[in-house]
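These protein sequences, in sequence, are chains A and B. Under our numbering, think of the first position of the first sequence as 1, with each following residue one higher. Under our numbering, think of the first position of the second sequence as 358, with each following residue one higher. Accompanying notes for the structure given below.
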Amino acid sequence: MIDLLYSDIDEQLRSSLRSVLAARSPWTEVLARTESDKTYDADLWRAVAVDMGLAGLIVPEDLGGAGASYREAAVVCEELGRAVAPIPFLGSAIVATTALLSAGATDLLPDLASGTRAAVLVVPFATAPGGITPTVAVEGGRLTGTVTTVAEALPADLLLVPTPGGLYAVEAAQALLIPVTSFDMTRQLADITFDGATGTRIGDLAAADVGLRAGAALLASEQLGVAEWCLETTVAYLKTRYQFGRLLGSYQALKHRVADLYVDISQARAVARYAAACAASEDPDLPVAVAVAQAFNPAIAVRASEECMQLHGGIGFTWEYPVHLYMKRAKSAAIAFGSAAAHRTELAKLVNLPASS
Amino acid sequence: MRARVGEFVAANATLIARGDVDPAAYLGARFDAGLAWVHFPVGCGGLGADRSLQHVVETALAEAGAPPNDPRRNPIGLGMAAPTILRHGTDAQRHQYLRPLWTGEEIWCQLFSEPGAGSDLAGLGARGVRDGDDWVVNGQKVWTSLAHHAHRAILIVRTDPTVPKHVGMTYFVLDMHAPGVEVRPLRQATGEAEFNEIFLTDARIPDTDRLGAVGDGWKVAQTTLMNERVAIGGGVVPREFGEIGVLASIWRDRPALRTPAGQETLMQLWVQGEAARLFGMRLAQQLAAGQPGPEGSASKIIYARLMQQATSFEMDLLGGEALRQDTWDMNRDSLVDFFARSPGHRYLRAKGNSIEGGTSEILRNIIAERILDLPRETRNDVELPWKDLPK
Numbered sequence: 001m002i003d004l005l006y007s008d009i010d011e012q013l014r015s016s017l018r019s020v021l022a023a024r025s026p027w028t029e030v031l032a033r034t035e036s037d038k039t040y041d042a043d044l045w046r047a048v049a050v051d052m053g054l055a056g057l058i059v060p061e062d063l064g065g066a067g068a069s070y071r072e073a074a075v076v077c078e079e080l081g082r083a084v085a086p087i088p089f090l091g092s093a094i095v096a097t098t099a100l101l102s103a104g105a106t107d108l109l110p111d112l113a114s115g116t117r118a119a120v121l122v123v124p125f126a127t128a129p130g131g132i133t134p135t136v137a138v139e140g141g142r143l144t145g146t147v148t149t150v151a152e153a154l155p156a157d158l159l160l161v162p163t164p165g166g167l168y169a170v171e172a173a174q175a176l177l178i179p180v181t182s183f184d185m186t187r188q189l190a191d192i193t194f195d196g197a198t199g200t201r202i203g204d205l206a207a208a209d210v211g212l213r214a215g216a217a218l219l220a221s222e223q224l225g226v227a228e229w230c231l232e233t234t235v236a237y238l239k240t241r242y243q244f245g246r247l248l249g250s251y252q253a254l255k256h257r258v259a260d261l262y263v264d265i266s267q268a269r270a271v272a273r274y275a276a277a278c279a280a281s282e283d284p285d286l287p288v289a290v291a292v293a294q295a296f297n298p299a300i301a302v303r304a305s306e307e308c309m310q311l312h313g314g315i316g317f318t319w320e321y322p323v324h325l326y327m328k329r330a331k332s333a334a335i336a337f338g339s340a341a342a343h344r345t346e347l348a349k350l351v352n353l354p355a356s357s
Numbered sequence: 358m359r360a361r362v363g364e365f366v367a368a369n370a371t372l373i374a375r376g377d378v379d380p381a382a383y384l385g386a387r388f389d390a391g392l393a394w395v396h397f398p399v400g401c402g403g404l405g406a407d408r409s410l411q412h413v414v415e416t417a418l419a420e421a422g423a424p425p426n427d428p429r430r431n432p433i434g435l436g437m438a439a440p441t442i443l444r445h446g447t448d449a450q451r452h453q454y455l456r457p458l459w460t461g462e463e464i465w466c467q468l469f470s471e472p473g474a475g476s477d478l479a480g481l482g483a484r485g486v487r488d489g490d491d492w493v494v495n496g497q498k499v500w501t502s503l504a505h506h507a508h509r510a511i512l513i514v515r516t517d518p519t520v521p522k523h524v525g526m527t528y529f530v531l532d533m534h535a536p537g538v539e540v541r542p543l544r545q546a547t548g549e550a551e552f553n554e555i556f557l558t559d560a561r562i563p564d565t566d567r568l569g570a571v572g573d574g575w576k577v578a579q580t581t582l583m584n585e586r587v588a589i590g591g592g593v594v595p596r597e598f599g600e601i602g603v604l605a606s607i608w609r610d611r612p613a614l615r616t617p618a619g620q621e622t623l624m625q626l627w628v629q630g631e632a633a634r635l636f637g638m639r640l641a642q643q644l645a646a647g648q649p650g651p652e653g654s655a656s657k658i659i660y661a662r663l664m665q666q667a668t669s670f671e672m673d674l675l676g677g678e679a680l681r682q683d684t685w686d687m688n689r690d691s692l693v694d695f696f697a698r699s700p701g702h703r704y705l706r707a708k709g710n711s712i713e714g715g716t717s718e719i720l721r722n723i724i725a726e727r728i729l730d731l732p733r734e735t736r737n738d739v740e741l742p743w744k745d746l747p748k
């Protein structure tokens, strides 16, 4: 049976990462950064990727990584979600790294594993696994075309670009990256244009797809982290705020709303662990696990953030309170890697529940 | 322990071979050998051994071809009465009750809920008055499964109305065949009567059938109710288990019923079912690893909601056909085969899932107050004598 629990190592990893994030990336810093020139936190990325060695978590040791698995990486995603941390872990250390591992691009991996360079798979953020449609053409090793709405591209040094002729590696300096004012400024998007950029073919498009599927699997853990922060913050507030001479948390109408969230989050945790475990063991059930995860967890994170804002009342609606950061992350993540509806449609095919004939 | 089971199997080959025909004889021998509940004391069906060895016994007996003691034969007895008798009973009570309970010769039922005390069980009003060596009991109990088959009942009554509600109750074992105990079927919205109402009119209970001290009834009941919760906990089931499997089969077998909107709902339910399944699997893993998480309280809410939504969709999917009900007869079976009945029965029966064994509202209160540690609702019923509470 697939193990859905956390190991002691998972818990140690969680605890050390949580203290680093608390010390170096409090929400006040995260909020201030969303309106700065540099929306990605390079110092924090160095601390997490290099000092803690997490950039190479899923990379084998002989390629300079930690030789751990997606199970541990999922714990990292939970914590980064809880902190809405503006670093490219999902994009570089999971999606791009997985694509390179799948393509067998061993020469490029050590720099990623050490955290000295970051990479990104250049597809629109809403692309579902199996849904890559290249918009960049390649001729004589030169790439031309535009890809819009790419997440975590701004801090990347290396671009992995799907083309009709396969997956190409391009130095970021060869492309024009235009930042987009993004709904989720803790994970800023960019439009990327190639105008005869030099690229190297590193593998088939299938490798890009493996990367996307791993990203969708682990995004479920990030969504879990977002939802958990929202529930904990709401509960803490209900224990301190008095109205009508009573603590808000003593009202049954509000208790039941947070209890319902607790119930849903308990399921989201099992769903996220299953997706991560299937990715880690390359289980044949991975496509189903990912489709279930991205059909179930996004709505839980979105609703948790919405309840968090509503149950805080006025303060929750202000810019100076962090709920909106989580709401934006949750909504953006619900669209990322394909909508829940798209995953349900995919799932119907996988489990043989066909559409009307 | 395996050796001990081996000796038992060797010495009782005939009884084991006839275990399906004459379960009481086989189970009696098993009880006498201390292999009923190994963690119970010697003489009470156990060996005073560690609870974890029960698994070894069950496995070894199953390998020897012995039938298990099907918990459905006497669920209240095995699941709730036995642990309560072990914890709070006297030696005499343990020796009197446990063996026939284990063998199924005496079926047990539970007389807790009343028409006026459902979620607020501690508000119950059935009265017990001391009369010499007996107690005289009057009142009404409700939602009692198996009462029409039962020999004995676990019962809580109010023995002192002048003190606050939680400290004025006493716990008894009631002989269901005693004069003054009347069992009437309680018919449900589904037409059948899985449950009963019990009318107690001057029913006499000897004081020797009291479990625990006078006034300690609520404390004793906690043992019973805790074991009920454990019984409802998580388990590992296959994908498309239960009602989701019913929906999936209909969808696959009957292409004419498929619509795009139907597929959207079906897939939402399928995903909910899978999330519930994975949750149950994780819960079981937590229990097996000795880290019972607080999430157990969530499992009944999840299950009830899923069953209600899925059975409702089954009717919508089948359309007019779902309006042809199999029967409204007052069936008295206590074990209804949910999936052999018509969809209308499933839809209605699932409505009970969020009421029986703790309403979903009470479970949400428990999650909010005991897990999330939110303040308790302001209440006025804890300090006052029970007799002065508004009713």
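Beta carbons: idealized from backbone N, C-alpha and C, even for Gly.
The C-beta separation of B/Leu-435 from B/Pro-425 comes to about 11 Å, leaving the pair out of contact by the 8 Å criterion.
Annotated three-state conformation of B/Phe-696 is helix, per DSSP. Listed in chain order, the positions of the segment 635–667 of chain B with a beta carbon within less than 7 Å of a beta carbon of chain A are Leu-635, Phe-636, Met-638, Arg-639, Gln-642, Gln-643, Ala-646, Glu-652, Ala-655, Ile-658 and Ile-659. By the rule that beta-carbons nearer than 7 Å mark a contact, A/Ala-66 does not touch chain B. Counting along the chain, the unbroken beta strand (DSSP E) around B/Phe-552 starts and ends at 552–563.
In this chain, the beta strand (DSSP E) harbouring A/Leu-177 covers 176–180.
Rounded to whole angstroms, the gap between the alpha carbons of A/Asp-195 and A/Thr-234 is 49 Å. A direct Cα-Cα distance of roughly 27 Å separates B/Asp-488 from B/Leu-455.
Taken in chain order, the members of the segment 619–630 of chain B whose beta-carbon sits within less than 9 Å of a beta-carbon on chain A are Gly-619, Gln-620, Glu-621, Leu-623, Met-624, Gln-625, Trp-627, Val-628 and Gln-629. In the three-state reduction of the DSSP assignment, A/Cys-278 falls in the helix class. Within the same chain, Cβ atoms closer than 8 Å to the Cβ of B/Leu-604 are found at Leu-623, Leu-626, Trp-627, Ala-667, Phe-670, Glu-671 and Leu-674, the five residues on either side in sequence being excluded. Residue pairing by DSSP leaves A/Lys-38 without any beta bridge partner.
Taking the Cβ atoms as the reference, A/Ala-172 lies roughly 13 Å from A/Pro-179, outside the contact range of under 8 Å. Within the same chain, Ala-421 come within 6 Å of B/Val-366 by CB-CB distance, once the 5 residues on both sides are set aside. Taking 7 Å as the threshold, the shortest C-beta distance from A/Gly-249 to chain B falls below it. For the pair B/Trp-459 and B/Phe-397, the CB atoms are not nearer than the 7 Å cut-off.
By the neighbour-count definition (other C-beta atoms within 10 Å, threshold 16), B/Glu-652 is a buried residue. The DSSP-derived three-state label of A/Ala-197 is strand. Closest in alpha carbon position to A/Ala-217, among A/Glu-35, A/Glu-72 and A/Ala-47, is A/Glu-72.
Under the Cβ distance rule, B/Thr-616 counts among the residues neighbouring chain A, one pair being separated by less than 7 Å. Chain A places no beta carbon closer than 7 Å to that of B/Leu-674, leaving this residue out of the contacts.
One finds Phe-636, Glu-652 and Ala-655 in chain B with Cβ atoms closer than 7 Å to the Cβ of A/Ser-266, taken in chain order. In this model, B/Asp-566 and B/Ala-439 are separated by some 14 Å (Cα to Cα). Pairing A/Leu-57 with A/Pro-86, the inter-Cα distance amounts to about 18 Å. In the structure shown, B/Ser-502 falls within a strand segment according to DSSP collapsed to helix, strand and coil. A Cβ of chain B is located within less than 7 Å of the beta carbon of A/Lys-255. Below the 7 Å Cβ cutoff, chain B contributes Val-628 and Ala-632 as neighbours of A/Phe-296, in chain order. Across the segment 484–508 of chain B, no CB contact with chain A closer than 8 Å is found for any residue.
In this structure, the alpha-carbon of B/Ala-474 lies about 49 Å from that of A/Ala-355.
Per DSSP, the continuous beta strand (DSSP E) segment holding B/Pro-542 begins and ends at 538–543.
For the pair of segments examined, the segment 631–645 of chain B was found not to touch the segment 241–261 of chain A: the number of CB pairs separated by less than 8 Å stays below three. A/Glu-61 is not bridged by DSSP to any residue. Closer than 9 Å at the C-beta level to chain B, one finds these residues of the segment 341–356 of chain A: Ala-341, His-343, Arg-344, Thr-345, Leu-347, Ala-348, Val-351, Asn-352, Leu-353, Pro-354, Ala-355 and Ser-356. Residue B/Leu-720 holds the alpha-carbon nearest to the alpha-carbon of B/Arg-662 among B/Leu-720, B/Val-486 and B/Lys-748. Ranking A/Ala-113, A/Leu-325 and A/Glu-35 by CA distance to the CA of A/Cys-230 puts A/Leu-325 first. When 9 Å is used as the limit between beta carbons, A/Arg-246 is near these residues of chain B: Pro-732 and Thr-735, in chain order.
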